[in-house]
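Peer 1:
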Amino acid sequence: MSGTQAWGFTDDRGAQLGAARVPRRVVAYVRAGAALYDLGVIPVAVYGSGHDGDAYDPAKAGVLEAVGVPYLGPGRALDEAVLRELRPDVVVDVMYDGKSPYALDAALVERLGVPLVALSVGNELDLPAILDRFAALAAGLRIDGRGGAGPEATNPGAGDPAVPVPVPVVVGSDAVGPEIVTPVTVSPGTGPGQGAALAEFEAAEAALREAAARSGLGVLALSGAGPEQVHLARPHAWPELAWLAGLGVRLLDPGPGPGANWLTADWVRAAALRPDLVLFDNREHATPPYALPGGVRLAPWSPETPPSPAAYARFFRDLAEALAP
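Just so you know, we're using full-length UniProt numbering here: the sequence shown kicks off at 1 and counts up by one.
Have a look at this one:
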């Protein structure tokens, strides 16, 4: 970060990004936007992936739809004029390959002349490292503890105890307090309410570790692709699944075959693994489980859980309940 820049961040491509002021208007991939919201930064809008349609996918969105953050549709179909009208100061996407943004054409953002932050959610990082990277970005995007300009409400989620409420900001405007000229260095840290979120994450880990030790159930993670086909997750290829294994969850590997993240097979292959509990992909484009033996427990799993301590604490708690006798 140069002496003329008030904000700087090095993303997971190694790109050194900077701006003359702290970005206030954030447009993000929906999964990233939901995590930033949990961390105290309210996006002005979010977009989806090639799997997504014209409406929010609840499995990725967290509370974004409930608090009125606009959804723009799939990122690679975004109209440039629409994005320009939003006047973003920064765009935030994710990466699975460690090289390029997943859900948006980087050339589009380059034409806008704003920084594009790409954060890794692939298996080159473990889950805590992924959470740390999003926390670092959120810390640098908050101004005196306040998030960026958000949807048409200055107090999103007010009156709803289930909705986390970041510190209010002036909405849809650059008027978010006096201009900040002191350089901001991005580093991991906690913002408003984040200490409680981290404590809840650690408590949820402990509850899941205890539940896994007591149950010993074999758990298979999968994504349904219709009555004839299913994608079986390779646990080591998914940071959250690898972390579950480290907490003692007995995850079943689908065995040899093509595919780095998934083994694509039929439901007979899934049943042959004799799972006690199936974590099924609950994203909108996935299909429900088919043809599994009677007595198999089912629990939802989003392979695109927002990377925030709050979101993963909820997932860990739900899984601990599913593992309970």
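We treat Cβ as the ideally placed atom computed from N, Cα and C, and that holds for glycine.
Within the same chain, show all residues whose beta-carbon is closer than 6 angstroms to that of LYS60, passing over the 5 residues directly before and after it, in chain order.
Peer 2: Only VAL30, ARG31, GLU304 meet the Cβ criterion.
Peer 1: Once you ignore the five residues that flank LEU108 on each side, which residues in its own chain have a CB closer than 8 angstroms to its CB?
Peer 2: Excluding positions up to five away in sequence, the list reads LEU78, GLU80, LEU83.
Peer 1: For SER100, collect the residues of the same chain with a Cβ closer than 8 angstroms to its Cβ; drop the 5 residues on either side in sequence, then sort them by chain order.
Peer 2: For SER100, where only same-chain residues beyond five positions count, the Cβ hits under 8 angstroms are ARG13, ALA106, ALA118.
Peer 1: Considering only the alpha carbon of each residue, which of GLN5, GLY40, VAL230, VAL91 lies closest to PHE280?
Peer 2: Ranking GLN5, GLY40, VAL230, VAL91 by Cα distance to PHE280 puts VAL230 first.
Peer 1: Quick one: what does DSSP say GLN16 is sitting in, helix, strand or coil?
Peer 2: GLN16: strand per DSSP, three-state reduction.
Peer 1: Out of curiosity, what's the CA-to-CA distance linking residue 341 and LEU298?
Peer 2: In the structure as shown, the chain starts at 1 and stops at 325, and residue 341 therefore has no counterpart that could be examined.
Peer 1: Measuring only the C-alpha atoms, how far is PRO307 from ALA313?
Peer 2: Going from the Cα of PRO307 to the Cα of ALA313 covers about 10 angstroms.
Peer 1: By the DSSP assignment, the alpha helix (DSSP H) with ALA299 in it spans what residues?
Peer 2: Taken as a continuous stretch (DSSP letters only), ALA299 belongs to no alpha helix (DSSP H), being part of the beta strand (DSSP E) at 297 to 301.
Peer 1: Taking the alpha helix (DSSP H) that LEU72 belongs to, which residues open and close that run?
Peer 2: Here LEU72 belongs to no alpha helix (DSSP H); instead the beta strand (DSSP E) covers 71 to 74.
Peer 1: Helix, strand or coil: how does DSSP classify GLY172 here?
Peer 2: Only weak support exists for where GLY172 lies, its pLDDT of 31 falling under 50; the coordinates are left without a value.
Peer 1: Helix or strand or just coil, what does DSSP make of VAL219?
Peer 2: DSSP places VAL219 in strand when its eight states are reduced to three.
Peer 1: Hey, PRO289 and GLY224 are a contact pair by Cβ (cut 8 angstroms); roughly how many whole angstroms apart?
Peer 2: That pair is a contact at about 6 angstroms.
Peer 1: List the whole-angstrom C-beta distance separating TRP262 from ARG283, where the pair is believed to meet the contact cut-off of C-beta under 8 angstroms.
Peer 2: Actually they do not touch by this definition, with Cβ atoms about 13 angstroms apart.
Peer 1: Suppose you measure from the CA of HIS236 to the CA of THR10; what does that come to, to the nearest Å?
Peer 2: Answer to the nearest angstrom: the Cα atoms are 27 angstroms apart.
Peer 1: The beta strand (DSSP E) with GLY8 in it runs from where to where?
Peer 2: Unbroken beta strand (DSSP E) run through GLY8: 7 to 10.
Peer 1: Per DSSP, what are the beta-bridge partners of THR264 in this structure?
Peer 2: According to DSSP, which records beta bridges pairwise, THR264 is partnered with HIS231.
Peer 1: Identify whether TYR102 lies in helix, strand or coil by the three-state DSSP scheme.
Peer 2: Here TYR102 sits in coil by DSSP.
Peer 1: Which one of ARG317, LEU217, LEU252, LEU273 has the shortest CA to CA distance from GLU200?
Peer 2: Comparing Cα-Cα distances from GLU200 to each of ARG317, LEU217, LEU252, LEU273, the minimum goes to ARG317.
Peer 1: Determine the direct distance from the alpha carbon of ALA206 to that of VAL296, and round the result to whole angstroms.
Peer 2: If I take the Cα positions, the gap works out to 25 angstroms.
Peer 1: Which residue or residues does DSSP assign as beta-bridge partners of ASP253?
Peer 2: None; ASP253 has no bridge partner.
Peer 1: Measuring CA to CA, which of ALA103, GLN16, ALA15 is closest to VAL46?
Peer 2: Ranking ALA103, GLN16, ALA15 by Cα distance to VAL46 puts ALA103 first.
Peer 1: Using the Cα positions of VAL22 and MET95, report the straight-line distance between them to the nearest angstrom.
Peer 2: Approximately 23 angstroms, taken between the alpha carbons.
Peer 1: Pick helix, strand or coil for TYR312, following the three-state DSSP scheme.
Peer 2: In the structure shown, TYR312 sits in a helix (DSSP, three-state: H, G or I).
Peer 1: Which value, in whole angstroms, describes the spacing of the CA atoms of THR287 and ALA212?
Peer 2: THR287 and ALA212: Cα-Cα distance of roughly 27 angstroms.
Peer 1: Quick one, are the C-beta atoms of VAL114 and VAL92 less than 8 angstroms apart?
Peer 2: Taking 8 angstroms as the Cβ cut-off, VAL114 and VAL92 do not qualify as a contacting pair.
Peer 1: Using only alpha-carbon positions, find the residue among ALA203, PRO254, PRO239, ALA197 that is nearest to LEU220.
Peer 2: The shortest Cα separation from LEU220 among ALA203, PRO254, PRO239, ALA197 belongs to PRO254.
Peer 1: Starting from TYR47, trace the beta strand (DSSP E) in both directions and tell me its first and last residue.
Peer 2: Per DSSP, TYR47 belongs to the beta strand (DSSP E) from 45 to 48.
Peer 1: Please state the DSSP three-state secondary structure of GLY33.
Peer 2: GLY33 falls in the helix class under three-state DSSP.
Peer 1: Less than 8 angstroms between the C-beta atoms of ARG87 and ARG25, yes or no?
Peer 2: It is a contact, given that the beta carbons lie within the stated cut-off.
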